[in-house]
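*Asks:* Mapping of the sequence shown onto UniProt numbering: residues 1 to 107, in sequence order. Ideal Cβ placement from N, Cα and C applies to all residues, glycine included. Please read all numbers here as calculations on a predicted model, not as lab measurements.
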Amino acid sequence: MAKIIYLEHNGTRHEVEVKPGATVMEGARDNGVPGIDADCGGACACSTCHVYVDAAWADRLPAKDSMEEDMLDFAWNPDPARSRLTCQIKVTPELDGLVVHIPEKQI
1 MAKIIYLEHN
11 GTRHEVEVKP
21 GATVMEGARD
31 NGVPGIDADC
41 GGACACSTCH
51 VYVDAAWADR
61 LPAKDSMEED
71 MLDFAWNPDP
81 ARSRLTCQIK
91 VTPELDGLVV
101 HIPEKQI
C-alpha cells in the first residue's frame, strides 16, 4: 500500500492507503475524499478529478500523455506544471507519500 495525501482547498488533510495498481482517483473515490468528482469514472473523458501535484512531486510522476493534456484544457484554473488528472496516475510503491492539492472546484 502507498499513502497518498489529499489536501482539500480549505486545508483539510486526508491520508489514504491506496493499493498499487489503483489510481489516485480511485483512492479518493473509494475513501470518500471530497472534491474529486470523477464524473467519467476514470475514462479520461472529463476533468473532474483534477488536482495540483505538490511541487516536491511534480517532476517525480510519469509524464502526461496527449489525452490527459487535452482534458486538462477543460479543468478549472489549470497549472501547466502541476495540474494532473488523478485517473491517469497509477499508484506504485514509489508514490508513497504523494501529496496532491484539490482545487477549489471542479468543472
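(1) On a Cα-Cα basis, can you pick out the residue from His14, Thr12, Gly21 and Leu7 that is closest to methionine 1?
(2) Taking the C-alpha atoms as reference points, what is the distance between glutamine 88 and serine 66?
(3) Measure the C-alpha to C-alpha separation of proline 62 and histidine 14 and round it to an integer number of angstroms.
(4) When we look at the beta-carbon of glycine 97 and count the other beta-carbons within 10 Å, is it buried (16 or more) or exposed?
(5) Using CA coordinates, which residue listed in Glu68, Glu8 and Glu17 is at the minimum distance from asparagine 31?
(6) State the start and end residues of the unbroken beta strand (DSSP E) segment that holds valine 91.
(7) Can you give me the C-alpha to C-alpha distance between residue 162 and lysine 64, rounded to a whole angstrom?
(8) What does the alpha-carbon distance come out to for the pair aspartate 39 and proline 80?
(9) Using the beta-carbon count (16 or more within 10 Å), is isoleucine 107 buried or exposed?
(10) Apart from the five residues on each side of it in sequence, which residues of its chain come closer than 6 Å, Cβ to Cβ, to aspartate 54?
*Replies:* Inspection of the coordinates gives the following:
(1) As a working note, residue 1 is residue 1 in the sequence shown. Closest option to methionine 1, Cα to Cα, is Gly21.
(2) For the purposes of this step, residue 88 is taken as the residue at position 88 of the sequence shown. For the purposes of this step, residue 66 is taken as the residue at position 66 of the sequence shown. About 11 Å.
(3) Along the sequence shown, one-based indexing puts residue 62 at 62. Along the sequence shown, one-based indexing puts residue 14 at 14. When rounded, the distance between both Cα atoms is 23 Å.
(4) Here the question's residue 97 lines up with position 97 in the sequence shown. Looking at its Cβ environment, which holds fewer than 16 other Cβ atoms inside 10 Å, glycine 97 is exposed.
(5) Here residue 31 is taken as the residue at index 31 of the sequence shown, counted from 1. Asparagine 31 has its Cα closest to that of Glu17, out of Glu68, Glu8 and Glu17.
(6) The count along the sequence shown starts at 1 and reaches residue 91 at position 91. Segment: none, valine 91 is in no beta strand (DSSP E) and carries neither H nor E.
(7) Because the chain spans 1 through 107 in this model, residue 162 falls outside it and cannot be assessed.
(8) Walking along the sequence shown from the start, residue 39 turns up at place 39. Walking along the sequence shown from the start, residue 80 turns up at place 80. Computed Cα separation, rounded: 22 Å.
(9) Numbered from 1 along the sequence shown, position 107 holds the residue referred to as residue 107. So isoleucine 107 ends up on the exposed side.
(10) As a first step, residue 54 is located in the sequence shown; it is residue number 54 there, counting from the start. Within the same chain, aspartate 54 has close Cβ partners Val99.
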